[in-house]
Amino acid sequence: MSVLSNRVINMATSATLAMAAKARELRAEGKDIIGLSLGEPDFNTPDFIKDAAIQAINDNYNSYSPVDGYVELKNAIITKFKRDNNLTYDLSQIVVSTGAKQSLANVALVVLNPGDEVILPCPYWVSYSDIVKIAEGVPVEVKTSIDTDFKMTPEQLEAAITPKTKMLWYSSPCNPSGSVYSKEELRALADVLVKYPQITVVSDEIYEHINYVGGHASMAQFPDMYDRTVTVNGVSKAFAMTGWRIGYIGGPTEIARACNKMQGQITSGANCIAQRAVITALEANPSKVQYMIDEFKNRRTLILNLLNDIDGFVCNNPDGAFYVFPEVTAFFGKTLNGVTIKNASDFAMYLLEHANVATVTGEAFGNPNCIRISYAASKEQITEAIKRIKDAVS
Numbered sequence: 001m002s003v004l005s006n007r008v009i010n011m012a013t014s015a016t017l018a019m020a021a022k023a024r025e026l027r028a029e030g031k032d033i034i035g036l037s038l039g040e041p042d043f044n045t046p047d048f049i050k051d052a053a054i055q056a057i058n059d060n061y062n063s064y065s066p067v068d069g070y071v072e073l074k075n076a077i078i079t080k081f082k083r084d085n086n087l088t089y090d091l092s093q094i095v096v097s098t099g100a101k102q103s104l105a106n107v108a109l110v111v112l113n114p115g116d117e118v119i120l121p122c123p124y125w126v127s128y129s130d131i132v133k134i135a136e137g138v139p140v141e142v143k144t145s146i147d148t149d150f151k152m153t154p155e156q157l158e159a160a161i162t163p164k165t166k167m168l169w170y171s172s173p174c175n176p177s178g179s180v181y182s183k184e185e186l187r188a189l190a191d192v193l194v195k196y197p198q199i200t201v202v203s204d205e206i207y208e209h210i211n212y213v214g215g216h217a218s219m220a221q222f223p224d225m226y227d228r229t230v231t232v233n234g235v236s237k238a239f240a241m242t243g244w245r246i247g248y249i250g251g252p253t254e255i256a257r258a259c260n261k262m263q264g265q266i267t268s269g270a271n272c273i274a275q276r277a278v279i280t281a282l283e284a285n286p287s288k289v290q291y292m293i294d295e296f297k298n299r300r301t302l303i304l305n306l307l308n309d310i311d312g313f314v315c316n317n318p319d320g321a322f323y324v325f326p327e328v329t330a331f332f333g334k335t336l337n338g339v340t341i342k343n344a345s346d347f348a349m350y351l352l353e354h355a356n357v358a359t360v361t362g363e364a365f366g367n368p369n370c371i372r373i374s375y376a377a378s379k380e381q382i383t384e385a386i387k388r389i390k391d392a393v394s
């Protein structure tokens, strides 16, 4: 009999982290693996942010930080929300956490009761479903397709709502599809949600600045949704600060205070040095990191051109983030190099073992017909990786 809880036994391992670990294992065996599985910018954190961290160390920031974040950082977040999203929050509505993943977990734990349903448009980020389950909620998957750029329609949303629906979670730009909801598309979803005041919306906007169409839209910008929306963001992606572990929310005061209470019993405040550096990051004009966005856009063009030249890969044109999410059902049922491909997981593992390229199965994101390929890698690596894939499936 296991000493472990059913909670952890039934929890899935993060597919992105598992594939990265497998790739590291193969590299240790001497294999030349190109990793296109992790959602991590391959840029260094900008120097002006690193300088702020060094200054914080020299200024002897080494004590416990406030549970919900330094006031100066919360003010910087308030300014950022107003500048970039036209959202007005006060200090009581902001909570800083150890990464946006903790922000999401906090919200789930303080809002959900056992049996509450959470609508997840598929594909969704790998951790959404398990975070909901940890909070004893029930994930309700809404299937989308490449034909609609993997975006949920108002009709699909309405059909998924039941008396038990408590929340809707989505990301825009989306991980893994790169899809971006326009203001008009969000308004159409909001027109459904206004009929169901019991539903709280979690809008994950961590890829906000990695947007190739401009005009990022937030659900909370609509007055009739503002008091029902928790906006989640952080600095991991746009500022290349994945390891600094700072995320934050802006949302209803009642939820923010509850997140503060929850966090106070689990981790307390986030890293003090990282918080001081993030003040500098958020106070800067977003144009200071535009060079990264421009490079990601060039890589998107490159990888789409290369993938579209491979029979069997069907790609749409993602408007944000740094992923492509090609449909690969043409390979299902085929035998390649003696390996029979039954599903996306088989295909991703085949590419790792026979092309030496690490991707992630779409099954982990709620879409079993696709794989996720990150183009947060150099153009040389991307070119070589797709060449290997093409050779392996030809």
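Residue numbers (full-length UniProt numbering): 1 to 394.
Positions of the beta carbon are idealized from the N, C-alpha and C atoms, including for glycine.
Could you tell me if residue i is buried or exposed, where buried requires 16 or more neighbouring beta carbons within 10 angstroms of its beta carbon?
i: F48; result: exposed
i: N298; result: exposed
i: G333; result: exposed
i: P163; result: exposed
i: V110; result: buried
i: V201; result: buried
i: T301; result: exposed
i: Q263; result: buried
i: Q290; result: exposed
i: V194; result: exposed
i: M1; result: exposed
i: A28; result: exposed
With respect to the beta strand (DSSP E) encompassing residue i, which residues constitute its N-terminal and C-terminal limits?
i: V289; result: Counting along the chain, V289 falls outside any beta strand (DSSP E), and DSSP gives it neither H nor E.
i: E141; result: V138 to V142
i: Y248; result: G247 to G250
i: V3; result: From DSSP, V3 is part of no beta strand (DSSP E); its letter is neither H nor E.
To which residues of the same chain is residue i closer than 6 angstroms at the C-beta, ignoring the five residues directly before and after it?
i: H216; result: E208
i: A392; result: H354 and A355
i: P286; result: H209
i: C259; result: V95, N106 and V110
i: G35; result: A23 and A358
The alpha helix (DSSP H) spanning residue i covers which residue range?
i: E384; result: K379 to V393
i: D47; result: D47 to N58
Less than 8 angstroms between the beta carbons of residue i and residue j, yes or no?
i: K80; j: L91; result: no
i: S345; j: G39; result: no
i: S103; j: G247; result: yes
i: P154; j: D204; result: no
i: Y196; j: T165; result: yes
i: A270; j: L87; result: no
i: L352; j: A23; result: yes
i: D84; j: S179; result: no
i: A15; j: T280; result: no
i: R372; j: F313; result: no
i: N233; j: A100; result: yes
i: A256; j: Q93; result: yes
i: K149; j: N305; result: This sequence places Asp at residue 149; Lys is not what is there. Not closer than 8 angstroms, so no.
i: K390; j: I310; result: yes
i: I386; j: I303; result: yes
i: M241; j: I199; result: no
i: F365; j: F347; result: no
Sorted by chain position, which residues of the same chain lie with C-beta nearer than 7 angstroms to residue i's C-beta, five sequence neighbours on each side aside?
i: F268; result: At residue 268 the sequence reads Ser, which differs from the Phe that was named. Contacts found: Y64 and V67.
i: N175; result: G39, W125, Y207, A321 and Y323
i: V140; result: E117, V118, I119, L120 and A160
i: T329; result: N369
i: L186; result: A217 and M219
What residues in its chain sit with their C-beta under 8 angstroms from that of residue i, if we drop five residues either side in the sequence?
i: I57; result: I273
Legend entry - Any 3 or more C-beta pairs closer than 8 angstroms across the region 267-275 and the region 113-126: No, the region 267-275 does not touch the region 113-126.
Legend entry - the region 221-240 in contact with the region 63-75 per 3-pair CB rule at 8 angstroms: In this structure the region 221-240 does not lie against the region 63-75, because fewer than three pairs of beta carbons, one per stretch, are closer than 8 angstroms.
Inset, instruction - Mind the definition here: the region 124-132 touches the region 10-26 only if three or more C-beta pairs lie below 8 angstroms; say whether that holds. - result: Yes, the region 124-132 touches the region 10-26.
Inset, instruction - Would you be able to state if there are at least three C-beta pairs under 8 angstroms between the region 358-375 and the region 17-29? - result: Segments in contact, yes.
Inset, instruction - Evaluate contact between the region 286-296 and the region 43-59, counting only Cβ atoms and requiring at least three cross-stretch pairs below 8 angstroms. - result: Here the region 286-296 lies against the region 43-59, with 3 or more beta-carbon pairs under 8 angstroms apart.
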